[in-house]
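All remarks here apply to the structure that follows.
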Amino acid sequence: MTNVIAPSVCADGGACSVAQAAGFYDPHSSSTAFDIGQTGFVDNTTMSSTTGAISTLTGRNQNRRSILDFDLLVITAANDILPDGTTYPAQIGKLALGASNFNQTWLHFPPSPNWNGTILPSYLFAAGITPSISYGMHIGSTTLGIPGSLNIGGYDQSRALQPVSGQPYTIDHLPIDLLDIGIEVAEGGSPFNFSSQTGLLGASNSSIGVSVPVLVEATVPYLYLPQSTCDAITKHLPVTYEAKYGLYFWNTADPNYKVIVSSPAFLSFTFRANGSISQNMTINVPFSLLNLTLSAPIINTPTQYLPLRPSLGPSGSYELGRTFLQAAFVGVNWQTATGVGSGVWFLAQAPGPNTPSDNPSTSINPTDNSIIGSTSSWKDSWKGVWTVLNSTNPSTGGSNQAKKTGGLSHGAIAGIAVGAIAGLSLCGLAAWCLHRRRTNSAKEQFRQPSSDETREGWRESAFAGSGVPSSKQSYPSSGFAPRELDTGQVSPRPVEMAA
């Protein structure tokens, strides 16, 4: 369920700067709001990761439409907890982007009655506004001028570079096998004493086999990886581990720091592609996207940090969070033609700052279990942004001469916008929707039950004993089975969305 924070969470004047800039949702203005009382301790895996969500998104407030019966949870008291037990006010809400079941039900406190609702993509599909219950998303980076992109019912093809991997989701997660992690350089000289270093995932850890199951989660902030993997990565970097925060701080006084974070060096993540034992794909995350700033209320003085945490994530599995999704495209077709819970999710390399703006959206249809990405060059999308080192004198950093070209090309944000800063001001919900008339045959295919035993077998075997739930497991907060929908006729032109 979508959740937003109330002003009471941000009683400290220095907290919730994003929420305060966007504005708060006022539940007292709603005739259907009611108090569910004390919920007790609700951790991130239950409140946030159930359906997948993003945290912040800005937009141009175009093509607005009122969403009837939009279900959200207004949180009046919430704290995040640091590894040392220190607490601080929760900073942002979350926008739910779909689930395997069309309808959802949530427990009421006291237990009767429960309440039901639909999540945004399901509502738009039922209203005949979008061609499928799906989305495509690239979080991007505000600091580096990579605008966020979110499309409901489709995707921006320019944000998904070929190849695009498609694989089944589980009941409330997006799982994939991670095969390796490396440190590499896209062009020019290296800021390290090597140009390529692979094998970091399983380095010095015989318990790590051929692969490690991981979850791609937009609701968590960091890269959650094994301790041995973090050690293998950070031994090449000028960072210091700070146990209080469970993070690595960049040693900004080290001359190698600026060379590394401005160079074409990157972390490479190699995955099993399309659930196949014979295919793989790689997502590159430049170190410039791994040079983030920790600020109040977590820490008083703004501090540069590497968003890497040597532990399991909040869901009890290794996870790749929003840090990873700065450089990766993710999308989901929740219900394909084979029925409930048999959809697929997509993963692809996302481009850098040099990406054209205002790209047309591409539909995801109910029968689609694959999508086509862009053939643009990832390296070209970073031209003029990073500082290319001379290749004649590779070293550990500071002594390299460097050259810099060009400037940034800033794109515009495509997709859905929620108020001024999405996820926090949900009074006005704006969405860039794909309009496409669906045929009767497509609707009939959509309701066919699954007969793909091979895919089901893959789901059970690939994550057996890994802590990643199987798609066949029941989940108490998931909803009802799909029902037939009368979507009516779809307007062939964009529909203006009201505030």
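What the sequence shown shows, in the UniProt record's numbering, is residues 1 to 499, in sequence order.
From the three backbone atoms N, C-alpha and C, an ideal C-beta is built for every residue, glycine too.
Looking at the backbone, the Cα of residue 207 and that of residue 183 are separated by about 22 angstroms.
Going by DSSP, residue 4 is part of the beta strand (DSSP E) stretching over 2-5. If the five residues before and after residue 257 are omitted, its C-beta is found closer than 7 angstroms to the C-beta atoms of 238, 250 and 251, all from its own chain and listed in chain order. In the DSSP assignment, residue 268 is bridged to 182 and 284. The beta carbon of residue 282 sits closer than 8 angstroms to those of 268, 269, 270, 271 and 349, all from its chain and outside the five residues before and after it, given in chain order.
In this structure the segment 73-90 does not lie against the segment 136-155, because fewer than three pairs of beta carbons, one per stretch, are closer than 8 angstroms. Around the C-beta of residue 187, fewer than 16 other C-beta atoms lie within 10 Å, and the residue is accordingly described as exposed. 8 angstroms or more divides the Cβ of residue 224 from the Cβ of residue 82.
Counting only runs of 4 or more residues that sit fully inside the segment 106-155, the alpha helix (DSSP H) segments are 120-126, in chain order. Residue 94 is bridged by DSSP to 3. DSSP places residue 231 in the uninterrupted alpha helix (DSSP H) bounded by 227-234.
By the Cβ neighbour-count rule, residue 227 is exposed, with fewer than 16 other Cβ atoms within 10 Å of its own. Fewer than three pairs of CB atoms, one per stretch, sit closer than 8 angstroms, so the segment 171-180 makes no contact with the segment 350-365. Residue environment analysis places residue 165 among the buried positions, since at least 16 neighbouring C-beta atoms fall within 10 angstroms of its C-beta. According to the DSSP assignment, residue 293 belongs to the beta strand (DSSP E) that extends over 292-294. Contact between the segment 238-247 and the segment 293-300 is established, with three or more Cβ pairs separated by less than 8 angstroms.
Leaving aside the five residues that flank residue 203 on each side, the residues in its chain whose CB is nearer than 8 angstroms to its CB run, in chain order, 228, 229, 231 and 232.
For residue 4, the closest alpha carbon among the candidates 366, 220, 159 and 77 is that of 77. In the DSSP assignment, residue 349 forms a beta bridge with 161 and 328.
DSSP lists 248 as the bridge partner or partners of residue 241. By the criterion of a C-beta distance shorter than 7 angstroms, residue 319 is surrounded in its chain by 214, 215, 217, 220, 224 and 313, once the five residues flanking it on both sides are discounted.
Taking the Cα positions, residue 262 is about 47 angstroms away from residue 106. About 6 angstroms separates the beta carbon of residue 140 from that of residue 326, a gap short enough to meet the 8 angstroms contact definition. The three-state reading of DSSP puts residue 169 in coil, since its state is none of H, G, I, E or B.
Bounds of the alpha helix (DSSP H) holding residue 255 are 255-262. Counting along the chain, residue 17 sits inside the alpha helix (DSSP H) bounded by residues 17-22.
In the three-state scheme derived from DSSP, where H, G and I count as helix and E and B as strand, residue 219 is classed as coil. Of the other Cβ atoms in all chains shown, fewer than 16 fall within 10 Å of the Cβ of residue 30; this residue is therefore exposed. The continuous stretches of beta strand (DSSP E) do not include residue 187, and DSSP gives it neither H nor E. Residue pairing by DSSP puts residue 70 in a beta bridge opposite 118. By the neighbour-count criterion, in which 16 or more other beta carbons inside 10 Å mark a residue as buried, residue 210 falls on the exposed side.
Less than 8 angstroms divides the Cβ of residue 346 from the Cβ of residue 371. If you compare the alpha carbons of 159, 123, 179 and 189 with that of residue 153, the shortest gap goes to 123. The beta carbons of residue 161 and residue 315 sit no closer together than 8 angstroms.
When DSSP states are grouped into helix, strand and coil, residue 380 belongs to the helix group. Membership of residue 80 in the beta strand (DSSP E) is indicated by the continuous run 79-81.
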